[in-house]
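Report on the following structure.
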Amino acid sequence: MAKTLETTQVTEFKNLLDEIEQFQLAHDASWYRGSSDSSHKLVPSLFRHSSKKKIEELSQLESEITIRFVQRSQPFLSRTLTSDWDKLFLMQHYGVPTRLLDWSENPFVAAYFALSGAERHKKDAAFWMCDPILWNRSALQHISFSGGVLDESSDQLHTYAPGTPIPQMPKHPIMIYGTYNSARIVAQRGGFALFGQGLEEMEKVYKSDTFSKGCLKKLIIPRDKVQSIRDSLFRKGFTESVVFPDLEGLSRELKRVFGF
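Quick note, the sequence shown lines up with residues 1 to 260 if you use the working numbering.
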């Protein structure tokens, strides 16, 4: 019997902290993702294409995008891309559509992304929590996987590797560490969900019997509470220049502080 996704509404910063702590105490590991629109599904940008919906089309699209990126990125690279994984993580970093979905080990990073855009869009925000270890053990149950979070050296990752036709990949998304190729990724404690041939969003995948109960949870932040919770986050010192440790982050922070 399919399970339901636990969803809780939080209306104060303290409520958010309490939910985070409860999840951390119940799990050996916890990752987070913030969305400025609570209706957005947990699917990667590649799968959001407006017209290409079949897995064969998306596989071809991924190949074409990667080739074009490699061809045209050379003048802008300060280093040599060492592997196909390196290319994939760099593409994700710069917003190129990929099979990766951003997560973070830092709950305040996710809170920032949930709250910073929700005010502008006038939508309820979402704050997701996931146990990446339980998720991977559920996703890779068919090979009796008992490990934790994967990285590009993991044998289990080979079947998801860039260049592999997506229809030949395993069905479920898995949680992986990427290459820390920028100060932003280091600051944001980034991790990723890497999708295979399954086109379903993570919240729908979770509802299947094979996934451990409680390894994914959704918090809803009502639109009329976004401003106050965001202000609490900033008062604790978690501001734009912390999430983006560069001149762009400083610029964002200065514009907010001085009322622009």
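No residue lacks a Cβ here, since even glycine has one placed at the ideal position from N, Cα and C.
Note that the coordinates shown come from a computational prediction; the quantities given were computed from them, not determined experimentally.
If you draw a straight line from the alpha carbon of Arg79 to that of Asn15, how long is it in whole angstroms? 44 Å
My output table needs one value for Asp18: the three-state DSSP class, helix, strand or coil. helix
Distance, Cα to Cα, Arg189 vs Asp18? 21 Å
Give every residue of the same chain whose Cβ lies closer than 8 Å to the Cβ of Lys87, excluding the five residues on either side of it in the sequence, and list them in chain order. Thr66, Phe69, Val70, Leu81 and Pro162
Is Arg72 near the ligand HEM, judged by its Cβ being under 6 Å from some heavy atom? Absence of the ligand HEM is noted for the structure shown, with no ligands found whatsoever.
List the whole-angstrom C-beta distance separating Ala125 from Val226, where the pair is believed to meet the contact cut-off of C-beta under 8 Å. 6 Å
Pick helix, strand or coil for Lys207, following the three-state DSSP scheme. coil
Can you name, in chain order, every residue of its own chain whose Cβ lies under 7 Å from the Cβ of Pro107, other than the five neighbours on each side? Ile20 and Tyr32
What's the call for Glu6, buried or exposed, on a 16-neighbour Cβ count within 10 Å? exposed
Say whether the region 144–163 touches the region 239–251, bearing in mind that this needs 3 or more beta-carbon pairs closer than 8 Å, one atom from each stretch. no
Which two residues bound the contiguous beta strand (DSSP E) that contains Arg256? Taken as a continuous stretch (DSSP letters only), Arg256 belongs to no beta strand (DSSP E), being part of the alpha helix (DSSP H) at Leu247 to Val257.
For Glu105, which residues of its own chain have a beta-carbon under 7 Å away from its beta-carbon, when the five flanking residues on both sides are left out? Trp31, Arg189 and Gly191
Could you check what DSSP says for Ser35 in three-state terms: helix, strand or coil? strand
With which residues is Trp128 paired in a DSSP beta bridge? Arg33 and Lys218
Quick one: residues in its chain with C-beta nearer than 7 Å to the C-beta of Phe23, no 5 flanking neighbours on either side, listed in chain order? Ser30, Met129 and Lys217
Exposed or buried, what is Leu194 when buried is set at 16 or more other beta-carbons lying within 10 Å of its beta-carbon? buried
If you reduce the DSSP assignment to three classes, tell me which class Gly117 lands in. helix
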